[in-house]
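In what follows, a single structure is set out as structure tokens and then discussed.
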Ligand SMILES: NC(=O)c1ccc[n+]([C@@H]2O[C@H](COP(=O)([O-])OP(=O)(O)OC[C@H]3O[C@@H](n4cnc5c(N)ncnc54)[C@H](O)[C@@H]3O)[C@@H](O)[C@H]2O)c1
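In my numbering, the protein residues as written are 856 to 1525.
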């Protein structure tokens, strides 16, 4: 009889779900686990969840597994099938180490394993990559079966993924995507948060976040880069040099923790408040903050000194952000740039801590006196907004960081509504996409392009960095004034990327590029692969981009023609990418801001140095960016009209409808 331990990594992958039941695994307490999900299924529905889970296994195993899976459902709110978690190390290996008949499929296996790597994933045993519930799969049977299919597939088959479940391999053709992924696609009326709880517990859907369920997450590098671009452009928006200027914000968590590091890369003074002492210490140990201060008077003295010396420094204030805004107002510490990244999308369960209550007491109050906790949160939010308003009248520029700060503050009755509201600009302050990322990046086609060196070699990554830098430097010379700044920022970023040591997991890099930049960089990579200078490269991007995501309060919040509540752009994007040569495509419900609030999609593309790869990259990358620019242009966004007209000049077969603008005087009396 075969024992699993005797099998090699390749054999284990090819085996899929083992014939013999592996032994039960202990629940490891040193691993960061997903929280227990709320009890949502009726007894009858629990039976359905078990029936659904057991269909992955032979009937003779059902008796044992039914009891075990029911216990998982009762203890954790989900059936993860912990027993089937593989024993081999979960990490991206070199592409050569994967079994199979198809290089593209091997690259996808590498990306899947990277998303589940313990150094990358938030709750690796529950197959959650980030964002608390952003899953690659819902259970280990899905993982095992998917890897088996990928190890068997040829380049004339397509694997169909239904929200984590591998439906199977279907005959297709060489130019078709090898994998098509959907995550959380629901009939629109069944897309509320509790619907996710219920249908995910039943095992029939999952929340793929953005890059988790599309196998494209590359660790914290993406967040650091995006935040750096935001901070740099925010300073430009206000016409100030970062050097000697002060940026005040809060949160040192998953995404928010990138703010001080980004502030340092941009070159300003960053003060970031965080109430959780453990998290503050982690960021200090990691070197993502330079100093920690626990006393407000000391903080004022230190910030004044840093301003005087024009230092580049990041300071964590261990305490409530509201106290910082109020103290700086009293002490006349001028804040140049202000924002907030507490988790206000989740205000009643630890996303936002009230002032005047200790961190420990707040945690107790939240569980035992939820109504009082809510009152305290809302009271703090009103104070928070009031203090920000005091600063903005003195010249501070404040922006909402996509964390629902303005939304929750308005619900708490804070003074944050605009006195002259227009469609999409209901609040006093803009969101980061409305004022910064939208008009300065997305409308021109600049977005988070990324690649992974499938050889796993750091030297390949260094070579791709050099290639990308050379391409951008050449492009910059011919760039129109409108986009030169973006080129400069990314050249500076790529030059500092090695030094900033941003790689966690696979050998990956991110930078912001427009359609032309993405195509030229990809072409140069493909050429280098052909010449044997580097190994296979996987291209991709974050869903948080020009065309992939329809999200009315984030990615498409700077669309003011009323269409920001539609999702045609994201759907067209994924369909268009799929027949233009993407190696895999994905379309999700809810990425970034929650189920029902957004439709977001992405792609992966394998470059192997072939002519076919060269043809596909040009066709697909051109569409992948210009689709969104065309739509942003139709919404009357000036930068996008500029960019699409430029694209039409470079590619005569592109013909896009340009909007005619109405003289507002004509409508004044209507
Ligand atoms: N950076 C980005 O690119 C980006 C983009 C869009 C949205 N966001 C949003 O930003 C928010 C933060 O994301 P995250 O992953 O960092 O969440 P997180 O929960 O990991 O971190 C938030 C941190 O804020 C702290 N906090 C809460 N209330 C506080 C208070 N009053 N004073 C000081 N600290 C307080 C918490 O202790 C926590 O550590 C989310 O709502 C997310 O959706 C981030």
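No residue lacks a Cβ here, since even glycine has one placed at the ideal position from N, Cα and C.
Cβ neighbours of residue i in the same chain (closer than 8 Å, five flanking residues each side left out)
| i | result |
| --- | --- |
| residue 1003 | 868, 869, 870, 871 and 872 |
| residue 1091 | 1295 and 1340 |
| residue 1421 | 1405 |
| residue 856 | Low confidence applies here, because residue 856 scores a pLDDT of 43, under 50, leaving its location unreliable; read the following figure in that light. 875, listed in sequence order. |
| residue 1374 | 1472, 1473, 1476 and 1477 |
Simplified DSSP assignment, three categories, for residue i
| i | result |
| --- | --- |
| residue 1480 | helix |
| residue 1524 | coil |
| residue 1405 | strand |
| residue 1128 | strand |
| residue 1474 | helix |
| residue 1147 | strand |
| residue 872 | coil |
| residue 1363 | strand |
| residue 1094 | coil |
| residue 1308 | strand |
| residue 877 | coil |
| residue 1416 | coil |
| residue 977 | coil |
| residue 1460 | strand |
| residue 1486 | helix |
| residue 1439 | strand |
| residue 1510 | coil |
| residue 1012 | strand |
| residue 1218 | helix |
Own chain partners of residue i with C-beta closer than 6 Å, once the 5 adjacent residues on each side are dropped
| i | result |
| --- | --- |
| residue 1391 | 950, 1309 and 1463 |
| residue 1285 | 1254 |
| residue 924 | 905, 908 and 934 |
| residue 986 | 1064 |
| residue 1131 | none |
| residue 1161 | 1124 and 1168 |
| residue 1599 | The question about residue 1599 has no answer, for the chain in this structure spans 856 to 1525. |
| residue 1495 | 1298, 1484, 1487 and 1488 |
| residue 851 | Missing from the structure shown is residue 851; the chain here goes from 856 to 1525 and no further. |
| residue 1149 | 1173 |
Residue from the options with nearest C-alpha to residue i
| i | options | result |
| --- | --- | --- |
| residue 797 | 1230, 972, 1301 and 1296 | With the chain covering 856 to 1525 only, the question about residue 797 has no answer from this structure. |
| residue 1466 | 1442, 1436, 1494 and 1454 | 1436 |
| residue 1333 | 1090, 1478, 1372 and 1409 | 1372 |
| residue 1200 | 1447, 936, 1146 and 891 | 1447 |
| residue 1262 | 1202, 1161 and 902 | 1202 |
| residue 1081 | 1021, 1123, 1228 and 1256 | 1256 |
| residue 1141 | 1031, 1115, 940 and 1126 | 1115 |
| residue 996 | 1147, 1297 and 912 | 912 |
| residue 1098 | 1105, 1040, 1163 and 992 | 1163 |
| residue 928 | 897, 957 and 944 | 897 |
| residue 1007 | 1216, 958 and 1233 | 958 |
| residue 1041 | 1054, 1035, 1030 and 1034 | 1054 |
| residue 1177 | 1451, 1219, 1516 and 1104 | 1104 |
Sequence-distant residues of its chain with Cβ nearer than 7 Å to residue i (five each side left out)
| i | result |
| --- | --- |
| residue 858 | Caution is warranted here: a pLDDT of 48 is assigned to residue 858, below 50, making its placement in the model unreliable, and the coordinate value is therefore given only provisionally. Contacts found: none. |
| residue 1273 | 1280, 1281, 1282 and 1283 |
| residue 999 | 871, 872 and 939 |
| residue 1522 | none |
| residue 1005 | 955, 960, 963, 964 and 1014 |
| residue 1032 | 1013, 1433, 1437, 1438, 1439 and 1440 |
Inter-residue CB distance, residue i and residue j (contact presumed, cutoff 8 Å)
| i | j | result |
| --- | --- | --- |
| residue 1303 | residue 1389 | The pair is not a contact, with the Cβ atoms about 21 Å apart (cut-off 8 Å). |
| residue 1403 | residue 1478 | About 12 Å separates the two Cβ atoms, so there is no contact after all. |
| residue 1307 | residue 1362 | 6 Å |
| residue 1079 | residue 1113 | 5 Å |
| residue 1370 | residue 1481 | 6 Å |
| residue 1443 | residue 1039 | 6 Å |
| residue 990 | residue 1067 | 6 Å |
Min CB distance residue i to chain D below 9 Å
| i | result |
| --- | --- |
| residue 1411 | In the structure shown, chain D does not exist; there is a single protein chain. |
beta-carbon residue i near ligand 3 non-hydrogen atom, thresh 8 Å
| i | result |
| --- | --- |
| residue 1130 | Ligands in the displayed structure: ligand 1; ligand 3 is not one of them. |
Under 8 Å, with one C-beta from each stretch per pair, do the region 1410–1425 and the region 1493–1508 reach the 3-pair mark? No contact exists between the region 1410–1425 and the region 1493–1508.
Is the region 1154–1172 close to the region 1191–1208, with three or more CB pairs under 8 Å?
no
- Count the CB pairs spanning the region 912–919 and the region 967–981 that are closer than 8 Å, and state whether there are at least three. The region 912–919 and the region 967–981 do not touch, with fewer than 3 CB-CB distances between them shorter than 8 Å.
Take every Cβ of the region 881–891, pair it with every Cβ of the region 1009–1023, and state whether three or more of those distances are shorter than 8 Å. no
* To do: Determine contact between the region 935–951 and the region 1301–1321, defined as no fewer than three beta-carbon pairs at a distance below 8 Å.
  => yes
inquiry  = Taking 8 Å as the cut-off, does the region 1175–1189 touch the region 1234–1245 (at least 3 CB pairs, one atom from each stretch)?
reply    = yes
field: Segment contact, 8 Å Cβ cut-off, at least three pairs: the region 1404–1414 with the region 1364–1383
entry: no
Check your understanding: Between the region 1445–1465 and the region 1481–1501, do three or more beta carbon pairs fall short of 8 Å?
Key -> Cβ pair count under 8 Å is below three, so no.
- Query: Is the region 1222–1229 in contact with the region 1168–1176, if contact means three or more CB pairs nearer than 8 Å?
  - Reply: no
Practice prompt. Spell out a yes or no on whether the region 972–981 and the region 1019–1032 are touching, meaning 3 or more CB-CB pairs, one atom from each, closer than 8 Å.
Written response: no
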